[in-house]
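These notes concern the structure reproduced below.
There are 2 protein chains.
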Amino acid sequence: MTFSKIFENSVEEIAKLPGIGKRTALRLALHVNKMKDADVQALVNAFSDLKSKVRHCRYCYNISDDDVCEVCGNPKRDRKVLCVVQDVRDVIAIEATQQFSGLYHVLGGIISPIDGIGPEQIRLSELFQRIDNEEIEEVILALPATVEGDTTNFFIYKNISGKVPKVTTIARGVGIGEELEYIDEVTLGRSLLARTDFNQIYQKRK
Amino acid sequence: MTFSKIFENSVEEIAKLPGIGKRTALRLALHVNKMKDADVQALVNAFSDLKSKVRHCRYCYNISDDDVCEVCGNPKRDRKVLCVVQDVRDVIAIEATQQFSGLYHVLGGIISPIDGIGPEQIRLSELFQRIDNEEIEEVILALPATVEGDTTNFFIYKNISGKVPKVTTIARGVGIGEELEYIDEVTLGRSLLARTDFNQIYQKRK
Chain A
1 MTFSKIFENS VEEIAKLPGI GKRTALRLAL HVNKMKDADV QALVNAFSDL KSKVRHCRYC
61 YNISDDDVCE VCGNPKRDRK VLCVVQDVRD VIAIEATQQF SGLYHVLGGI ISPIDGIGPE
121 QIRLSELFQR IDNEEIEEVI LALPATVEGD TTNFFIYKNI SGKVPKVTTI ARGVGIGEEL
181 EYIDEVTLGR SLLARTDFNQ IYQKRK
Chain B
207 MTFSKIFENS VEEIAKLPGI GKRTALRLAL HVNKMKDADV QALVNAFSDL KSKVRHCRYC
267 YNISDDDVCE VCGNPKRDRK VLCVVQDVRD VIAIEATQQF SGLYHVLGGI ISPIDGIGPE
327 QIRLSELFQR IDNEEIEEVI LALPATVEGD TTNFFIYKNI SGKVPKVTTI ARGVGIGEEL
387 EYIDEVTLGR SLLARTDFNQ IYQKRK
């Protein structure tokens with residue numbers, strides 16, 4: 001169909017990437033075919049470096065150029081607060097808020113029986129080890145507000161409850177800028193149950 | 207921002223691809239970082255093969271695994287009809303219609319002064335050489351219906367008019383399934399001027 005087996009094979013490989021359909025893969029393949037040699041080499045190196053050179057922090061499993069990541073290696077971070085997240089994207093998102101000064105623990109996934117991901121497939125034993133060995137005062141569970149996220153939250157809670165003074169989860173509620181009429185009932189219900197004292201918000205703003 | 211210079215560099219390289227934004231590049235990079243070694247190798251090979259192994263047909267510049275592409279090498283194709291297209295994607299699109307049995311000439315672009323693409327940047331001299339050396343009875347101009355396409359059409363026409371018995375362009379008109387009220391005036395106007403004898407369509411259908 002495209003007159004070149006090699007070309008077709010490349011398109012198929014590119015189309016395996018998440019969110020890249022056959023049409024986009026074809027467009028990308030034709031673009032790469034027209035790129036300069038040096039640019040293709042840079043792109044190829046970029047992909048291969050992601051696997052061969054990018055490392056994971058030995059403590060929190062965040063991506064890193066070294067053995068220990070920038071967060072864990074920063075003496076200004078509060079080592080007694082641990083924020084548990086699904087993956088590196090969440091670390092980036094939370095860092096962007098500038099509202100968190102503790103350390104992270106990147107699970108690398110969440111429990112999802114339908115996808116064949118059980119507690120052993122993600123870095124839960126590493127989390128429990130950290131909690132056993134480090135002096136942690138609060139574990140913040142910042143996992144997705146989905147069934148899988150809730151399952152993982154509960155699993156972690158069951159295993160660490162009693163070993164850490166405080167286990168919290170990020171607030172579920174109405175997003176900033178959202179209209180109440182468009183919010184689903186569960187979220188709205190929860191945001192009523194977990195209502196915040198206005199004094200508290202007001203004092204934070206001051 | 208992402209705790210790894212190598213990672214950031216890879217994201218930037220990926221984001222240079224057309225239609226891939228910074229966010230998508232980040233998502234792809236994290237995915238590749240999690241892929242199996244062998245899969246990353248296959249992806250890297252796919253990209254590098256596109257440049258190093260995929261060839262272009264010596265006659266029409268279509269992509270090919272050999273010196274001559276499947277179309278040009280097919281003895282059943284009508285060698286007297288030449289269809290001029292912008293790039294390989296157009297060859298694929300036209301082949302999918304199964305309405306064309308001639309040969310192609312892939313320009314590799316169209317004249318676009320705003321992008322710095324003049325007649326020398328695309329394979330026009332190669333086209334004119336083919337027309338001088340081969341016995342061609344009809345040149346079909348199948349370029350985009352844009353200002354750049356029209357400019358290129360006119361440039362080609364000026365150079366080959368008199369050397370080829372027939373120069374045609376694909377019909378511009380109302381697309382199948384389109385409602386007249388939504389068509390722009392120029393297209394609708396042209397489709398009236400270039401109206402087709404109904405007998406002709408009826409006889410083709412029989």
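In the order they appear, the protein sequences are chains A and B. For what it's worth, the numbering used here labels the leading residue of the first sequence as 1, then goes sequentially. For what it's worth, the numbering used here labels the leading residue of the second sequence as 207, then goes sequentially. Heads up, the beta-carbon is just placed ideally off N, CA and C, and yes, glycines get one too. Owing to the predicted nature of the structure, the values given are computational and were not obtained by experimental measurement.
Check	Outcome
Residue range of the unbroken beta strand (DSSP E) whose run includes L103(A)	L103 to V106
Contacts of K360(B) in chain A (Cβ-Cβ under 9 Å)	First, the residue type needs correcting, since residue 360(B) is Phe and not Lys in the sequence shown. Ordered by position in chain A, no residue passes the 9 Å Cβ test against F360(B), which lies about 25 Å from the chain.
V260(B) in three-state terms, based on DSSP	coil
Of the residues F334(B), E385(B) and A348(B), the one placed nearest F306(B), counting alpha carbons only	A348(B)
N405(B), buried or exposed, once every other Cβ within 10 Å from all chains shown has been counted against 16	exposed
Whether I328(B) touches G315(B) by CB criterion (7 Å)	yes
Residue interval of the alpha helix (DSSP H) (run including L127(A))	L124 to N133
One or two residues paired with S318(B) in a DSSP bridge	I323(B)
Residue nearest to S254(B) in terms of C-alpha spacing, selected from K36(A), R58(A), L193(A) and K51(A)	K36(A)
Entirely enclosed alpha helix (DSSP H) segments - the stretch 7 to 81 of chain A, minimum 4 residues	22 to 34 and 37 to 52
K372(B): first and last residue of the uninterrupted alpha helix (DSSP H) it sits in	K372(B) -> not in any alpha helix (DSSP H); beta strand (DSSP E) instead, spanning K372 to T375.
Neighbouring residues, chain A, relative to H311(B) (Cβ below 8 Å)	Correct list: empty, because the minimum Cβ distance to chain A is about 14 Å.
For L236(B) and R89(A), believed in contact at Cβ under 8 Å, the rounded distance	6 Å
Residue from A25(A), Y182(A) and P18(A) whose Cα sits closest to the Cα of E8(A)	A25(A)
Euclidean distance between Cα positions of V277(B) and R264(B)	12 Å
7 Å Cβ cutoff, F3(A) in contact with chain B	yes
C-beta contact flag for A252(B) and E178(A) at 7 Å	no
C-beta atoms of V106(A) and Y61(A) nearer than 7 Å	yes
Bounding residues of the alpha helix (DSSP H) (the contiguous stretch that carries L141(A))	Careful: L141(A) lies outside any alpha helix (DSSP H), inside the beta strand (DSSP E) at E138 to L141.
8 Å contact criterion, which I140(A) and V164(A) should meet: CB distance rounded	With a Cβ gap of about 11 Å, I140(A) and V164(A) do not count as contacting.
Neighbourhood of V85(A) by C-beta, 8 Å cutoff - its chain only, sequence neighbours within 5 removed	V91, I94, Y104, H105, V106, L107, A142 and L143
Distance, R396(B) Cα to N339(B) Cα	35 Å
7 Å Cβ cutoff, L28(A) in contact with chain B	yes
Proximity of F209(B) and I63(A) at Cβ, strictly below 7 Å	yes
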